[in-house]
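Student:
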Ligand code: PEP
Ligand code: MG
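Given below as structure tokens:
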């Protein structure tokens with residue numbers, strides 16, 4: 076037995092076999108080959124295999140947007156210019172097939188990216204995607220999102236959010252990464268999926284570990300490889316007790332999230348995709364307090380159009396049957412990158428071109444999303460929420476755009492709802508002007524993940540600074556109080572949708588500070604409900620921060 080330690084970011088115990096996965100980028104080296112004909116044959120065989128994979132994917136996704144994308148990929152992989160370019164590079168440079176595909180992919184994708192037509196521009200990501208598929212086949216490194224055949228424990232150097240969101244949840248027993256911080260979106264996604272997870276696990280991810288039996292203890296952050304019988308039975312006993320505790324929490328389903336003295340708290344769930352809805356119902360959330368809509372974009376190779384977004388938002392609104400659904404507009408950028416946005420690499424991405432900054436600079440992308448949300452509002456109790464606000468002009472400008480989009484929808488005789496618009500308070504600037512922002516917003520939702528990062532000057536992505544990332548810091552608690560007070564003075568509600576909302580060591584304090592809403596990962600709903608129901612606001616607990 077070998078034991079490796081890291082930081083547990085989602086509790087729970089899982090046992091199964093290890094599956095090592097690489098990162099999205101495959102390193103391609105140019106290797107001189109005199110046997111050009113056999114390289115061309117390798118390319119031809121890889122093309123046939125890729126085509127057959129794509130046809131299977133078309134079949135599995137029949138009638139969906141994905142099917143249309145895979146069909147485009149089939150056409151591209153059969154394109155005579157593409158094939159000719161690869162064969163030319165193999166012949167003229169005596170290069171290996173992988174390198175020829177890589178170079179062709181890069182050249183074609185650059186050509187597409189520079190085209191004026193938006194549709195053609197968007198093909199840039201497709202050509203990259205088919206080239207990656209071919210390279211994976213040629214190198215035998217299959218890290219395709221559909222590659223998980225059996226249930227397994229994922230072991231990786233690191234996982235980016237777009238990789239994590241594309242994994243088949245049904246097959247993932249646990250995540251273990253060598254790098255990664257406790258506050259990254261990948262960790263948040265793992266919590267949303269309620270999958271035991273460890274980051275910063277100091278282990279060498281060599282292929283000999285593939286398939287070995289392991290147990291992940293997400294509570295202690297320990298990974299046991301080939302555990303001995305005694306350890307295994309202790310861990311399985313812990314897993315059993317865990318299940319018992321969870322069963323007790325299920326008694327709280329259907330009960331109100333209300334304090335002993337009768338204050339009702341909005342206890343909502345954070346979701347990132349339609350597939351999270353099941354967990355929302357299992358855990359009896361009172362609504363959705365944060366729908367991270369950018370994950371819709373991360374799951375794709377191209378911009379989701381208005382109809383596709385509309386269908387998703389409508390489904391959520393209808394499924395929640397009158398309960399609140401707060402859709403946060405696109406918060407792409409920083410660690411959440413989608414290739415097809417063609418965002419330039421930045422020195423300081425967390426402080427860079429992200430969220431509403433992109434939406435205000437590229438209003439077409441924003442307007443498409445706004446149209447979809449406003450239209451979906453007809454089918455339920457939908458609100459909209461804007462991330463990364465720092466200035467009053469931003470919300471004023473956003474509201475102008477929203478009014479313009481509404482006028483456009485009216486002219487087109489398309490039904491839409493006049494929905495509430497709230498903002499996230501996740502920058503110190505927004506806290507300091509929250510009195511002014513409260514005049515423009517219908518509600519506040521405090522994003523403590525980013526607020527902690529920006530207030531304490533601690534990069535939430537940097538594992539080296541994890542120990543300095545302290546959402547309990549008095550500066551954060553004082554800021555939360557200031558935001559609540561300013562919201563209440565303006566007659567609007569204030570909630571928390573950052574990870575601190577699920578920190579039950581602080582629930583009583585937050586409730587006594589006057590918080591109105593807590594939005595947490597679905598699996599944490601009942602734990603927080605228990606705490607709310609045990610709190611008596613009439614018993615004053617005066618703490619100074
Ligand atoms: C936050 O910053 O607290 C938040 C909820 O948004 P995200 O974690 O998606 O940045
Ligand atoms: Mg945030």
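Residue numbers (my numbering): 76 to 620.
Glycine included, C-beta positions come from ideal geometry on N, C-alpha and C.
1) Rounded to whole angstroms, what's the CA-CA distance from residue 495 to residue 382? Just pull it up for me.
2) Given the structure, does residue 462 come close to the ligand PEP, in the sense that its CB is under 8 Å from one of the ligand's heavy atoms?
3) By DSSP's criteria, residue 206 is part of a beta bridge. Which residues make up the other side?
4) If you check the beta carbons only, do residue 573 and residue 537 fall under 9 Å apart?
5) Just grab the DSSP bridge partners of residue 80 for me.
6) When you compare only the Cα positions, how much space is there between residue 221 and residue 154?
7) On the DSSP letters alone, give me the boundaries of the beta strand (DSSP E) that residue 186 sits inside.
8) Cβ of residue 522 versus every heavy atom of the ligand MG: is any distance shorter than 8 Å?
9) Report whether the distance from the Cβ of residue 497 to the nearest heavy atom of the ligand MG is below 8 Å.
10) In whole angstroms, give me the CA-to-CA distance for residue 81 and residue 250.
11) Is residue 534 a contact residue of the ligand MG, with contact defined as CB to any heavy atom under 8 Å?
12) Have a look at residue 92 and residue 228 and give me their C-alpha separation to the nearest angstrom.
13) Note down, one range per segment and in chain order, each alpha helix (DSSP H) of at least 4 residues found wholly within the segment 466-526.
14) Figure out for me which residue from 161, 340, 543, 534 has the closest Cα to the Cα of residue 175.
15) Suppose contacts are defined by Cβ-Cβ distances below 9 Å. Is residue 414 in contact with residue 368 by that definition?
16) Tell me which residues share the same chain as residue 327 and place their Cβ nearer than 7 Å to its Cβ, disregarding the 5 neighbours each side in the sequence.
17) Comparing alpha-carbon positions, which option in 205, 245, 208, 513 lies nearest residue 224?
18) If you compare alpha carbons, which of 275, 398, 264, 501 is closest to residue 426?
19) Among residues of its own chain, excluding the 5 on either side of residue 518, which ones have a beta-carbon nearer than 6 Å to its beta-carbon?
20) Can you give me the C-alpha to C-alpha distance between residue 452 and residue 491, rounded to a whole angstrom?
21) Going by the C-beta, is residue 345 closer than 8 Å to any heavy atom of the ligand PEP?
22) What are the boundary residues of the alpha helix (DSSP H) that residue 554 is part of?
23) Using beta-carbon positions only, say whether residue 441 and residue 465 come within less than 9 Å of one another.
24) The beta strand (DSSP E) with residue 292 in it runs from where to where?
25) So which of 585, 88, 545 has the shortest CA-CA distance to residue 316?
26) Can you tell me the Cα-Cα spacing of residue 380 and residue 443, whole angstroms?
27) Measure the beta-carbon distance from residue 428 to residue 421 and round it to whole angstroms, keeping in mind my assumption that it falls under 8 Å.
28) Under a three-way DSSP split, which group does residue 109 fall into?
29) Helix, strand or coil: which one does DSSP assign to residue 274?
30) Using DSSP's beta-bridge definition, name the partner residues of residue 250.
31) Any heavy atom of the ligand MG closer than 8 Å to the Cβ of residue 312?
32) Quick check: is any heavy atom of the ligand MG less than 8 Å from the C-beta of residue 410?
33) Beta carbon of residue 199, beta carbon of residue 188: below 9 Å?
34) In three-state DSSP terms, what is residue 416?
35) Which same chain residues end up closer than 6 Å to residue 454 when comparing Cβ atoms and leaving out the 5 residues on each side of it in sequence?
36) Can you give the Cα-Cα distance for residue 516 and residue 552, rounded to whole angstroms?
Tutor: Taking the definition as stated:
1) Straight across, the Cα-Cα distance linking residue 495 with residue 382 is about 22 Å.
2) Checking every heavy atom of the ligand PEP against the Cβ of residue 462, one is found closer than 8 Å.
3) The partner list for residue 206 (beta bridge, DSSP) is empty, contrary to what the question assumes.
4) Residue 537 is positioned such that its CB atom lies no closer than 9 Å to that of residue 573.
5) Residue pairing by DSSP places residue 80 opposite 297 in a beta bridge.
6) Legend: pLDDT at residue 221 = 46, less than 50; position of this residue unreliable, value from coordinates given subsequently. Distance between the alpha carbons of residue 221 and residue 154: 24 Å.
7) For residue 186, there is no enclosing beta strand (DSSP E); the residue is part of the alpha helix (DSSP H) that begins and ends at 172-188.
8) Yes, the ligand MG has a heavy atom inside 8 Å of this Cβ.
9) No, the beta carbon of residue 497 sits no closer than 8 Å to any heavy atom of the ligand MG.
10) If you take the alpha carbons of residue 81 and residue 250, they lie about 12 Å apart.
11) No, Cβ of residue 534 sits at least 8 Å from all heavy atoms of the ligand MG.
12) One Cα belongs to residue 92, the other to residue 228, and the distance between them is close to 6 Å.
13) You should have 467-486, 503-507, 509-512.
14) Just measuring C-alpha positions, the residue of 161, 340, 543, 534 sitting nearest residue 175 is 161.
15) Residue 414 is not a Cβ neighbour of residue 368, given a cutoff of 9 Å.
16) Excluding positions up to five away in sequence, the list reads 601, 604, 605.
17) Just measuring C-alpha positions, the residue of 205, 245, 208, 513 sitting nearest residue 224 is 245.
18) Per the Cα distances, 501.
19) Exclusion of the five residues before and after residue 518 leaves 497, 567, 568 as the residues of its chain whose Cβ lies within less than 6 Å of its Cβ.
20) Spanning the two alpha carbons is a distance of roughly 6 Å.
21) Yes, the ligand PEP has a heavy atom inside 8 Å of this Cβ.
22) Its alpha helix (DSSP H) spans residues 549-564.
23) Not closer than 9 Å, so no.
24) It spans 288-292 - the beta strand (DSSP E) in which residue 292 sits, taken as one unbroken run.
25) If we check each option's Cα against that of residue 316, 88 comes out closest.
26) Roughly 7 Å between the two C-alpha positions.
27) Taking a contact as a CB-CB distance under 8 Å, the pair residue 428 and residue 421 counts as one, their CB atoms being some 7 Å apart.
28) Looking at residue 109 - three-state DSSP - the assignment turns out to be coil, as it is neither helix nor strand.
29) Three-state result, residue 274: strand.
30) Beta bridge pairing from DSSP links residue 250 with 229, 272.
31) For the ligand MG, no non-hydrogen atom lies closer than 8 Å to the CB of residue 312.
32) No, Cβ of residue 410 sits at least 8 Å from all heavy atoms of the ligand MG.
33) Contact: yes.
34) Residue 416 falls in the helix class under three-state DSSP.
35) Around residue 454: 389, 392, 393.
36) Approximately 22 Å between the Cα atoms of the pair.
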